[in-house]
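Remarks on the structure that follows.
6 protein chains.
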Amino acid sequence: QEPTERRTAVPGVATGLAVTGAGGDVLYIEASLADAETGGTGLTLTGQLGDVMKESAHIALSFLRSRGAELELPVTDLRDRGVHLHIPAGAIPKDGPSAGITMTTALASLLSGRKVRTDVAMTGEVSLTGRVLPIGGVKQKLLAADRAGITTVIIPRRNEPDLDDVPAEVLDRLTVHPVGDVREVLKLALEPAEVLVAAA
Amino acid sequence: QEPTERRTAVPGVATGLAVTGAGGDVLYIEASLADAETGGTGLTLTGQLGDVMKESAHIALSFLRSRGAELELPVTDLRDRGVHLHIPAGAIPKDGPSAGITMTTALASLLSGRKVRTDVAMTGEVSLTGRVLPIGGVKQKLLAADRAGITTVIIPRRNEPDLDDVPAEVLDRLTVHPVGDVREVLKLALEPAEVLVAAA
Amino acid sequence: QEPTERRTAVPGVATGLAVTGAGGDVLYIEASLADAETGGTGLTLTGQLGDVMKESAHIALSFLRSRGAELELPVTDLRDRGVHLHIPAGAIPKDGPSAGITMTTALASLLSGRKVRTDVAMTGEVSLTGRVLPIGGVKQKLLAADRAGITTVIIPRRNEPDLDDVPAEVLDRLTVHPVGDVREVLKLALEPAEVLVAAA
Amino acid sequence: QEPTERRTAVPGVATGLAVTGAGGDVLYIEASLADAETGGTGLTLTGQLGDVMKESAHIALSFLRSRGAELELPVTDLRDRGVHLHIPAGAIPKDGPSAGITMTTALASLLSGRKVRTDVAMTGEVSLTGRVLPIGGVKQKLLAADRAGITTVIIPRRNEPDLDDVPAEVLDRLTVHPVGDVREVLKLALEPAEVLVAAA
Amino acid sequence: QEPTERRTAVPGVATGLAVTGAGGDVLYIEASLADAETGGTGLTLTGQLGDVMKESAHIALSFLRSRGAELELPVTDLRDRGVHLHIPAGAIPKDGPSAGITMTTALASLLSGRKVRTDVAMTGEVSLTGRVLPIGGVKQKLLAADRAGITTVIIPRRNEPDLDDVPAEVLDRLTVHPVGDVREVLKLALEPAEVLVAAA
Amino acid sequence: QEPTERRTAVPGVATGLAVTGAGGDVLYIEASLADAETGGTGLTLTGQLGDVMKESAHIALSFLRSRGAELELPVTDLRDRGVHLHIPAGAIPKDGPSAGITMTTALASLLSGRKVRTDVAMTGEVSLTGRVLPIGGVKQKLLAADRAGITTVIIPRRNEPDLDDVPAEVLDRLTVHPVGDVREVLKLALEPAEVLVAAA
Ligand SMILES: [Ca+2]
Ligand SMILES: [Ca+2]
Ligand SMILES: [Ca+2]
Ligand SMILES: [Ca+2]
Ligand SMILES: [Ca+2]
Ligand SMILES: [Ca+2]
Ligand SMILES: [Ca+2]
Ligand SMILES: [Ca+2]
Ligand SMILES: [Ca+2]
Ligand SMILES: [Ca+2]
Ligand SMILES: [Ca+2]
Ligand SMILES: [Ca+2]
């Protein structure tokens, strides 16, 4: 497994957490925008996503289409350029609503050009108004984040009680941020915009 | 469970009542409009909605497309901006016609910018002409509304006899409005438009 | 059950007759036209309609698209405004061709602005040229019409022999019109256009 | 059963022959063109048609789109006006390729405004180049035509040997035209164009 | 069975070879182009074609869209006029990739206006670059061609070894052309363009 | 089996490696662009590709739509000209993510006009950001490449440990390039652009 750092080295990639048959795992949600002159349009979803996970992508996109301007994101890109969300590995089926905030973050990173912090992973269902709703598997997900070298984890506020089940030594190594709104997620997870210094 | 108040704190969210395997429950119907410049179009439905519930959304939308101008709603938004209706939690399948008036209310709230009253929950099938048709599970739904701190419930007029089955102490805490037309629902459930006071 | 009178109080609603597991029943076919500025387009069908019933709606619409001008209906509305046909109750599956003339009548009522007579119910398959073809369940349908307070029933001419099976006391209360062409149905079922009297 | 004469009293209806569980039967193929100002487009097929029969309709339409101008038909109507082909009765499933020449005839009748001769019924698969290919059930179909009062039947040339199986007394009452090309069918089946006599 | 000569008497029809349950058979692939003013668009496929055979049609069309200009074919017709490929008999399911070069030939014949030689039949999978790939059933196909009066057969070069299995007397009557590229097929199978001699 | 050299003799064809029931095999991914004036649009996928393999094609295309301009590829072709990806043989079902880098290479070859080196074969999943992810069957694939006369093989860097399982004599004959990014693949696999020497 390669370090997370490399996977999120470009804007548009966010680190999520999943429950698999063999415990928890990190996953990377990749987003891309087609150059406008290539004729790409619409939303493409790949990675063998199930129905519920596809709906999460639509929710993330609609949230940005209705609230993105408030967040000072260049939302006209969503009209002019095709959006693609992909979750490797491509042959493994994935489903469930808990990638909602990660999808929203990947898209916001892509639109803003701000990278996602490489030390941050996250899990949480997102609602159409941006609320963060509780998910399952908190313990396995935090163990997986810890194994992958992640140091900061974002979870739904309503999942705070589940932290009781996580071994103390793991919690010691992790900074856990319980959140109630996806706007908090974006503040925590996105790096500052890079400042372009013009030569004098 | 968070208070209903927070969920309906923005226009476009209405509180419904559902029958589940474990009695009744409140659910939140969230509606959003894409900013016109984002290229969002059409109607998107998420939340693992079954066929009948999807049809309810189309009925609610067609009602507003044919009667919304009479209600002084800015119906051209329905042409220029994509509509999305979502019902959390995203992984739980939902079906049936009884969210019809709640969907209509969420959409009317969104278009008008008037919030839905946080103390109000509702259940009822809506017809294409705006009639409110009877539904099942009145007892379980009112018990769930009461448990969630709701104080006002809207039900179909033809369900009035079912109130006999609801415990008197619950009915004491609730104001129940039996209605025959969805226009009555909108009058009862939507807050007045906020008055913008211009600085002199 | 509410009186039919209320259901057909607006143009676009016609009263049909169906055979159910428990005998016959009246049903209401509701049609709406989206305001042109709302962007609604095409034909939307709801009410858990089966394949054959959906085809009946397409036949009714094509009949009006090819013959509506002869009937002095404003057929350009069918181009500029989305059409929605719905049959409550929304959760009950419905199928069969016998709602064909009722669908045609609901659409013609909507386009013309002429209400459907509240004392009239009807049953009959419609062909693309407007012919009225025979259907089943005449006896049960007439009993249901009579129970619902209907006084005038339109049936296909080729179903006249089935009237022998209807109890005489029911036939005494009903005026039955056997017809061969849907144009006869429209003449019988639509109220005269309301005369707008301008103030002098 | 009503006389065939009435069914083909308008351009756009042709009489076909089918094999059913109970022998043969006549069927009527109805075609309509939407008025251009109604916004109807494309090809609509109804009557519970199976895959093979739907393909026959596409073949008939493509034949007219590529060869109709040679036949002096106003083929631009196929661009500007929606086409609908329907075969009553609407609830009975129908399939097979043998309605191909009947569909072509109904469409050519509609485009030309020339009625189909009421004494003519036909059966035959049509190919994309207009060839008439053999079909099954010639005996049952001719018996059905005879029972329905038809006096002229068009069959594929390659089905001529099957006439041996038809009772002599039926063949005595029928004029049978074996054909190899759908252009022959149109010459045999379409009435002359009505001459409009202008008042002097 | 009618002579092949008649079936390919117009541009757009090519003779293929198929393996059926009862040995081999010839089949005719018919192509048509809608007149531009009829509004026909896209690619229509009929004849109960299976998935693999439908893909062959798309490959043939894409080959002409990318390489047709080099072959001096009027490829803009593919933009302006709907293409229809049909394989009679319409009720018999057909599948497999071996009609690829026959489909390409039928389309090239149609575009060029050059008829396909009536003495030629062919079989071979085509790739997107025009390569001719091997197929099965060479023996049965050549026997069928011979029975149908075909004198020239085109097969994939990589199927040459299968000629060992064909009876010598059949091979004596046939001229067999093994080919590696569909451009060779077109040279062998298409008649020269007809010279229009203008009256002086 | 024909030499790989001939298959990749034109831009747009890349050599991949697959695991089949009978060990490994080489496969050829063919890409074509419709001439703009032929009206071809969108992405067509043929060769009986499974869901995962179809998604790989979408990922390859989106990668070029978002990153192709950086690679100095004429990406507006993707807007103006239909793209078709095909994998012979057409009747054999194929699936899995390991053709991702081969599809990307075929498309980049087609757009750039630079041929793919005939001595190179490759295998690897591609992510939306261009990362090369590990695949299975390295041993069988390298044995197949060697049998087919391939001398250079590109594999994912994370599959390097699998080289231990490949017989030394095979590895002696092969140059193996482990890569982490598809941009490395393009540098290794594409021939230099042909220099057009203008006559003085
Ligand atoms: Ca599902
Ligand atoms: Ca706990
Ligand atoms: Ca259902
Ligand atoms: Ca009760
Ligand atoms: Ca059905
Ligand atoms: Ca009777
Ligand atoms: Ca079928
Ligand atoms: Ca015989
Ligand atoms: Ca298949
Ligand atoms: Ca052999
Ligand atoms: Ca699959
Ligand atoms: Ca190993």
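Residue numbers (our numbering), protein chains in the order written: chain G, 258 to 457; chain B, 258 to 457; chain V, 258 to 457; chain X, 258 to 457; chain S, 258 to 457; chain D, 258 to 457.
For every residue, glycine included, the Cβ atom is placed at its ideal position computed from N, Cα and C.
Model, not experiment: these values are computed from the prediction.
Compare the C-beta of residue 286 of chain B against all C-beta atoms of chain V and say whether one is closer than 8 Å.
Locating residue 286 of chain B in the second sequence gives position 29, counting from the first residue. Judged by the 8 Å Cβ criterion, residue 286 of chain B is not in contact with chain V.
CA-CA distance, residue 402 of chain B and residue 265 of chain B?
The count along the second sequence starts at 1 and reaches residue 402 of chain B at position 145. The count along the second sequence starts at 1 and reaches residue 265 of chain B at position 8. Roughly 15 Å between the two C-alpha positions.
For residue 258 of chain G and residue 378 of chain D, I'd like the C-alpha separation in whole angstroms.
Residue numbering aside, residue 258 of chain G sits at position 1 when the first sequence is read from its first letter. Residue numbering aside, residue 378 of chain D sits at position 121 when the sixth sequence is read from its first letter. Only weak support is given to the placement of residue 258 of chain G: the predicted model assigns it a pLDDT of 49, under 50, and the question is left unresolved by the model.
Are the C-beta of residue 362 of chain V and some C-beta of chain E separated by less than 8 Å?
The displayed structure is made up of protein chains G, B, V, X, S and D, and chain E is not among them.
Can you name the residues that DSSP bridges to residue 287 of chain G?
If you number the first sequence from 1, residue 287 of chain G lands on position 30. Bridge partners of residue 287 of chain G: G:270, G:343.
How is the beta strand (DSSP E) around residue 411 of chain D delimited, first residue to last?
Here the question's residue 411 of chain D lines up with position 154 in the sixth sequence. Where residue 411 of chain D is concerned, the enclosing beta strand (DSSP E) stretches over 409–413.
Would residue 413 of chain G pass as an interface residue toward chain D - the criterion being a Cβ-Cβ separation below 8 Å?
The sequence position of residue 413 of chain G within the first sequence is 156, counting from 1. With 8 Å as the cut-off, residue 413 of chain G does not count as an interface residue toward chain D.
Is there a C-beta anywhere in chain X that falls below 8 Å from the one on residue 386 of chain V?
Here residue 386 of chain V corresponds to residue number 129 of the third sequence, with the count starting at 1. Chain X contact via Cβ: present.
For the region 298–314 of chain V against the region 338–345 of chain V, do three or more pairs of beta-carbon atoms, one drawn from each stretch, fall closer than 8 Å, so that the two count as touching?
Output reads yes: the region 338–345 of chain V touches the region 298–314 of chain V.
Does residue 345 of chain V come within less than 8 Å of chain B when only Cβ atoms are used?
Indexing the third sequence from 1 puts residue 345 of chain V at position 88. True, the Cβ-Cβ gap to chain B drops below 8 Å.
Could I get the ranges of all uninterrupted beta strand (DSSP E) runs contained in the region 355–390 of chain V, with 3 residues as the minimum, in chain order?
Counting whole runs of 3 or more residues, the region 355–390 of chain V contains the beta strand (DSSP E) stretches 377–379.
Is there a Cβ of chain D sitting closer than 8 Å to that of residue 277 of chain S, yes or no?
Counting from 1 along the fifth sequence, the entry for residue 277 of chain S is found at position 20. By this cut-off, residue 277 of chain S is not an interface position.
Determine the DSSP secondary structure at residue 395 of chain G, reduced to helix, strand or coil.
For the purposes of this step, residue 395 of chain G is taken as residue 138 along the first sequence, with counting starting at 1. The answer is helix: DSSP assigns residue 395 of chain G an H, G or I state.
Does the Cβ of residue 308 of chain D have 16 or more other Cβ atoms within 10 Å, making it buried, or fewer, making it exposed?
As a first step, residue 308 of chain D is located in the sixth sequence; it is residue number 51 there, counting from the start. The residue is exposed, with fewer than 16 neighbouring Cβ atoms inside 10 Å.
Could you tell me which residues DSSP puts in a beta bridge with residue 351 of chain V?
The residue given as residue 351 of chain V occupies position 94 in the third sequence. According to DSSP, residue 351 of chain V bridges with V:306.
Tell me, please, whether the CB atom of residue 341 of chain V is closer than 8 Å to any CB atom in chain X?
Here the question's residue 341 of chain V lines up with position 84 in the third sequence. No, its Cβ sits nowhere closer than 8 Å to a Cβ of chain X.
Would you mind working out which of V:439, V:319, V:347 sits nearest residue 303 of chain X, comparing C-alpha positions?
Against the fourth sequence, residue 303 of chain X aligns to sequence position 46. If we check each option's Cα against that of residue 303 of chain X, V:319 comes out closest.
On the three-state DSSP scale, how would you describe residue 292 of chain D?
Residue 292 of chain D sits at position 35 when you count from the first residue of the sixth sequence. Residue 292 of chain D falls in the coil class under three-state DSSP.
So if I threshold CB-CB distances at 8 Å, which residues from the region 293–308 of chain D count as touching chain S?
Correct list: 294, 295, 296, 297, 301, 303, 304, 305.
By how many angstroms is the C-alpha of residue 435 of chain V removed from the C-alpha of residue 426 of chain V?
Here the question's residue 426 of chain V lines up with position 169 in the third sequence. Here the question's residue 435 of chain V lines up with position 178 in the third sequence. Answer to the nearest angstrom: the Cα atoms are 19 Å apart.
Drop a sphere of 10 angstroms on the beta-carbon of residue 282 of chain S, count the other beta-carbons inside from all chains shown, and report buried for 16 or more, exposed for fewer.
To locate residue 282 of chain S, count along the fifth sequence from 1; it is residue 25. It counts as buried.
Assuming residue 347 of chain G and residue 382 of chain D form a contact by the criterion Cβ under 8 Å, report the distance between their Cβ atoms to the nearest whole angstrom.
Locating residue 347 of chain G in the first sequence gives position 90, where the first residue counts as 1. Locating residue 382 of chain D in the sixth sequence gives position 125, where the first residue counts as 1. Yes, they are in contact, since the Cβ atoms of residue 347 of chain G and residue 382 of chain D sit about 6 Å apart, within 8 Å.
State yes or no: is the beta carbon of residue 323 of chain D nearer than 8 Å to at least one beta carbon in chain G?
The count along the sixth sequence starts at 1 and reaches residue 323 of chain D at position 66. Answer yes: the Cβ-Cβ gap between residue 323 of chain D and chain G drops below 8 Å somewhere.
Considering only C-alpha positions, which residue in the set S:322, S:360, S:351, S:279 is nearest to residue 389 of chain S?
Here residue 389 of chain S corresponds to residue number 132 of the fifth sequence, with the count starting at 1. If we check each option's Cα against that of residue 389 of chain S, S:360 comes out closest.
Does DSSP classify residue 435 of chain G as helix, strand or coil?
Walking along the first sequence from the start, residue 435 of chain G turns up at place 178. Strand.
Can you name the residues that DSSP bridges to residue 282 of chain X?
Locating residue 282 of chain X in the fourth sequence gives position 25, where the first residue counts as 1. BP columns for residue 282 of chain X point to X:275.
In angstroms, rounded to a whole number, what distance separates the CA positions of residue 352 of chain S and residue 350 of chain D?
Looking up residue 352 of chain S in the fifth sequence gives position 95. Looking up residue 350 of chain D in the sixth sequence gives position 93. Using only the alpha carbons, I get a separation of about 14 Å.
Within a Cβ cutoff of 8 Å, which residues of the same chain sit near residue 442 of chain B, ignoring the five residues on either side of it in sequence?
Counting from one through the second sequence, the residue named residue 442 of chain B turns up at place 185. Closer than 8 Å at Cβ, skipping near neighbours: 358, 361, 362, 379, 381, 389, 411, 436.
Measuring straight from C-alpha to C-alpha, what distance separates residue 446 of chain B and residue 433 of chain B?
Looking up residue 446 of chain B in the second sequence gives position 189. Looking up residue 433 of chain B in the second sequence gives position 176. Answer to the nearest angstrom: the Cα atoms are 12 Å apart.
Answer with buried or exposed for residue 450 of chain G, where buried requires no fewer than 16 other C-beta atoms within 10 angstroms of its C-beta.
In the first sequence, the residue the question calls residue 450 of chain G occupies position 193. With fewer than 16 other Cβ atoms within 10 Å, it is exposed.
Who are the Cβ neighbours of residue 278 of chain V in its own chain at under 8 Å, not counting the five residues just before and after it?
Start at 1 with the first residue of the third sequence, and residue 278 of chain V comes out as number 21. Excluding sequence neighbours, residue 278 of chain V sits near nothing in its chain.
So which residues of chain V does residue 270 of chain X contact, with C-beta pairs closer than 8 Å?
Along the fourth sequence, read from residue 1 onward, the residue named residue 270 of chain X stands at position 13. Per Cβ cutoff of 8 Å: 386.
Quick check on residue 202 of chain D: buried or exposed, where buried means 16 or more other Cβ atoms within 10 Å of its Cβ?
What the structure shows of chain D is the stretch from 258 to 457, and residue 202 of chain D is not part of that stretch, so it cannot be assessed.
Near residue 325 of chain S, what residues of its chain come up, given a Cβ to Cβ distance below 8 Å and the 5 sequence neighbours on each side ignored?
Numbered from 1 along the fifth sequence, position 68 holds the residue referred to as residue 325 of chain S. 332, 335, 365, 368, listed in sequence order.
Please classify residue 398 of chain D: is it buried, with 16 or more other beta-carbons within 10 angstroms of its beta-carbon, or exposed?
Position 141 of the sixth sequence, counted from the first residue, corresponds to residue 398 of chain D. Residue 398 of chain D should be labelled buried.
Please list, in chain order, the chain G residues whose beta carbon lies closer than 8 Å to that of residue 267 of chain B.
In the second sequence, counting from the first residue as 1, residue 267 of chain B sits at position 10. Those within 8 Å of residue 267 of chain B in chain G are 386.
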